[in-house]
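End of the sequence shown = 163 in my numbering, gap-free, step of one.
Each residue gets a CB set at the ideal place from its N, CA and C atoms; glycine is no exception.
Keep in mind it's a predicted model, so treat the numbers as computed, not measured.
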Amino acid sequence: MKKTILSFLAAGLLTASGVSAGLYHHVPAGRRAVFQHDNNPAALTPQQATDNLVRELALDEKQAKKLLKLNQQYADLIANPRFKGRPQPVKERKETGVDGSTGATQHAQSEEVRTHIRQQHERRNAYNAALKKILTKEQYAKYTSHK
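Right, here's the structure in full:
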């Protein structure tokens, strides 16, 4: 009886590991960076981001040069695999620790995190404002509908 249960358990584990390995290979190469945890080696470069937008929005050479300059200015923001052009709303919530504590240290850390998130949102807004000046209304509408 024990051998049968262990056999089924082993078969289930082998099947589950095979399925999870197969799921990773179906992820497009550009999106695999989200699943990698080694300091994001596949981060998007300013040139790659520019090339993608030039191709998707059919930008002319003048727009492409301006966009590359903008993307180089915001390279750290673009390299983040979670970068989205449109800003996400900042949600205020009650902060509690894993153990349920709400000490001063945790409050200071959570305030730092909220400040960092707000700064990132402000940088995204500034990026979008500059991008809106480069693109036509139709191109910007297409850009915001894809994000």
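Note on Ile-94: 16 or more other CB atoms within 10 angstroms of its CB, so buried under the neighbour-count rule. Less than 8 Å divides the Cβ of Ile-150 from the Cβ of Leu-86. Annotation: His-137 to Thr-31 spans about 42 Å, alpha carbon to alpha carbon. Counting along the chain, Asn-68 sits inside the alpha helix (DSSP H) bounded by residues 62 to 73.
Residue burial is scored here from C-beta neighbours: Ala-65 has at least 16 other C-beta atoms within 10 angstroms and is therefore classed as buried.
Rounded to the nearest angstrom, the gap between the Cα atoms of Thr-160 and Ala-142 is 15 Å. Here the alpha carbon of Lys-82 sits roughly 11 Å from the alpha carbon of Gln-89. For the pair Gln-135 and Leu-25, the Cα-to-Cα distance works out to about 49 Å. In this structure, Lys-153 sits away from Leu-73, with a CB-CB distance that is not shorter than 8 Å. For Thr-160, the enclosing alpha helix (DSSP H) has its first and last residue at 153 to 162.
For Tyr-156, the closest C-alpha among the options Gln-79, Leu-22, Ser-23, Gln-63 is that of Gln-79.
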